[in-house]
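Q:
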């Protein structure tokens, strides 16, 4: 059954006329379930296996997984077209043979007990403990163990067995596994090892003991020095070690892996116009450039430690809030664009944001309610502009979206209303507090969408092992479990007229998936949803 849903846009707010030329509309499609799949859904045991385009993107394969007492792990596949019309369905045991009928799609080995080289269980890994006092770095050693959820593989957990110390004395602020000739640590990061989203997400980077590690940090010496290079985890020796003299002690804040190597952010505690420095390094630890970052006009103008390094286009951006009116009041944003050198550095004050703020019609969000800001996203648009989003860490968890020119100047600000009950506190109890997910800002055919999500407290926090490349290009070819369920709102932004629509709230259904949408060639968005009360599965085609 297909039901047409339309969100009418309200006109005017607080006496100010505001309009947006397009409505957010949706076709709602019921996904037919077999009797066995229906029973599993009612028990909360029907899992999303992902949605995959056929070769010409005219048909969508929608997979659901469940356990059958007699036949073991089963899959139900429902094929739809890009309008949501159901074309066919098939229900068979989950194995390579059954999945061979779908071109370019294979089984996840860990779900079929197959021996796979990607299986990390039983293999020795280590991670460096960031010591507080000067001394020899501590390397924690252990093994990964498989985790299961309702008898289905759901990731790994790390069990520590031992701890050793290195001979060199330094603080290892940067440490991660090297893969091949470059920097690629995606297989070993914490966020790929757990199923609880941000509730257990962390910065721990695990390194195989037979592999190589990139390490950088502050030397424990009388003179300020920075150590960087490649460390052999097996022989416990340096393949390449670089010692760089610095003007003052470079204390690590954060870092990011980049196409050229590594971008590390340090604080030097200097008394000049900046105490922040970005250090560009190649994969061997050689320093390419030291870049001073301005805006340290007293403590109130310094970016906080809640700083993020993000990619957009071919550039890296260092983004952080600061509070000119005092701690945790009226957040402003500092943003630095870095390529080979510093491209621009901008202060976007809270007063600037308020002066150029647009609030969706009907929204009750207020800029005065913002306090502690958490930077979430930056997206480069086709016209060269940038969209930067940050959310309030305390209730109400409203999200601010800044539209910047290619030169980093503020053009417009948008304030979206929070999802009721959302929680963005840094520390939350699993099962007791909702979990705020970082906003998704993406562009489709010149229209920008802002997706806001919150995982309800009473839900299991999800199983994340599959990924689509923001809905348009399928990167993996295995059907895996991806059962992140969240309340959601989505907004349209026209970057040319700089108008924002009212929110579409998905008819009180939960959107499903770590990245919960696919994009059709015509620019429609396809979301998979679940009824939180009945367990019914649906598709919503937004346009």
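In our numbering, the protein residues as written are 4 to 546.
Glycine included, C-beta positions come from ideal geometry on N, C-alpha and C.
1. Residues bridged to residue 222 by DSSP?
2. Can you give the beta carbon distance from residue 368 to residue 401, rounded, assuming they're within the 8 Å contact cut?
3. Could you check how far apart the C-beta atoms of residue 528 and residue 447 are, in whole angstroms? I think they sit under 8 Å.
4. Restricting to Cα atoms, I'd like to know which of 107, 408 and 241 is closest to residue 171.
5. Let me make sure I understand the geometry here. Which of 87, 544, 537 and 234 has the alpha-carbon closest to that of residue 40?
6. Residue 535 by DSSP, collapsed to three states: which one?
7. If I measure Cβ to Cβ from residue 215 and keep anything under 8 Å in the same chain, skipping five residues before and after, which residues do I get?
8. Based on Cα-Cα distance, which residue from 488, 438, 417 and 487 lies nearest to residue 453?
9. With 16 as the cutoff for other CB atoms within 10 Å, does residue 91 come out buried or exposed?
10. What's the C-alpha gap between residue 296 and residue 36?
11. Could you say which of 82, 377, 409 and 390 lies nearest to residue 427 if we only look at CA atoms?
12. When the Cα atoms are used, what is the spatial distance from residue 540 to residue 285?
13. To the nearest angstrom, how far is the alpha carbon of residue 388 from that of residue 346?
14. Residue 102 lies in the alpha helix (DSSP H); which residues open and close that run?
15. Which residue marks the beginning of the beta strand (DSSP E) containing residue 321, and which one marks its end?
16. Which value, in whole angstroms, describes the spacing of the CA atoms of residue 177 and residue 504?
17. Based on Cα-Cα distance, which residue from 246, 332 and 330 lies nearest to residue 287?
18. Rounded to the nearest angstrom, what separates residue 97 and residue 110 at their Cα positions?
19. DSSP on residue 518, reduced to helix/strand/coil?
20. Among the residues of its own chain, which have a CB less than 7 Å from the CB of residue 350, if the five just before and after it don't count?
21. Would you call residue 478 buried or exposed, if buried means 16 or more other Cβ atoms sit within 10 Å of its Cβ?
22. Following the continuous alpha helix (DSSP H) through residue 42, name the residue where it begins and the one where it ends.
23. Note down the Cα distance separating residue 531 from residue 89, rounded to an integer number of angstroms.
24. Hey, would you say residue 220 sits closer than 8 Å to residue 175, going by beta carbons?
25. Going by DSSP in three states, residue 358 sits in which element: helix, strand or coil?
26. Does the separation of the CB atoms of residue 512 and residue 533 fall below 8 Å?
27. In angstroms, rounded to a whole number, what distance separates the CA positions of residue 535 and residue 47?
28. Whose C-alpha, out of 34, 309 and 316, is nearest the C-alpha of residue 584?
29. Out of curiosity, what's the CA-to-CA distance linking residue 207 and residue 161?
30. Assign residue 201 to one of three DSSP states: helix, strand, or coil.
31. Reducing DSSP to helix, strand and coil, say where residue 371 ends up.
32. On the premise that residue 543 lies in contact with residue 44, defined as a C-beta separation below 8 Å, what is that separation, rounded to the nearest angstrom?
33. Can you have a look at residue 524 and say buried or exposed, based on whether 16 or more other CB atoms are within 10 angstroms of its CB?
34. Would you call residue 147 buried or exposed, if buried means 16 or more other Cβ atoms sit within 10 Å of its Cβ?
35. State the beta-bridge partners of residue 74 as determined by DSSP.
36. What would DSSP say about residue 509, mapped onto helix, strand or coil?
A: Let me lay it out:
1. 173
2. The Cβ separation is near 5 Å, so the contact holds.
3. 7 Å
4. When only C-alpha atoms are compared, the closest one is 241.
5. Answer by Cα proximity: 537.
6. coil
7. 180, 181, 233, 234, 235, 236 and 242
8. 417
9. In summary, residue 91 is exposed, with fewer than 16 beta-carbon neighbours lying within 10 Å of its beta-carbon over all protein chains present.
10. 56 Å
11. Put simply, of 82, 377, 409 and 390 the residue whose alpha carbon is nearest the alpha carbon of residue 427 is 377.
12. 47 Å
13. 15 Å
14. That run of the alpha helix (DSSP H) goes 99 to 102.
15. 318 to 325 is the extent of the beta strand (DSSP E) around residue 321.
16. 42 Å
17. 246
18. 7 Å
19. Residue 518 falls in the coil class under three-state DSSP.
20. 298, 335 and 337
21. With a pLDDT of only 32 at residue 478, under the threshold of 50, the placement of this residue in the model should not be trusted, and no figure is reported.
22. Unbroken alpha helix (DSSP H) run through residue 42: 38 to 45.
23. In a straight line, the C-alpha of residue 531 is about 14 Å away from that of residue 89.
24. yes
25. helix
26. yes
27. In a straight line, the C-alpha of residue 535 is about 9 Å away from that of residue 47.
28. Examination of residue 584 is not possible in this model, given that the chain is present from 4 through 546 alone.
29. 11 Å
30. Confidence in residue 201 is poor, its pLDDT being 28 and thus under 50, which makes the residue's placement unreliable; the coordinate value appears in the next sentence. Correct three-state label for residue 201: helix.
31. helix
32. Not quite, the Cβ-Cβ distance comes to about 17 Å (not below 8 Å), so this is no contact.
33. exposed
34. buried
35. Per DSSP, none; premise fails for residue 74.
36. helix
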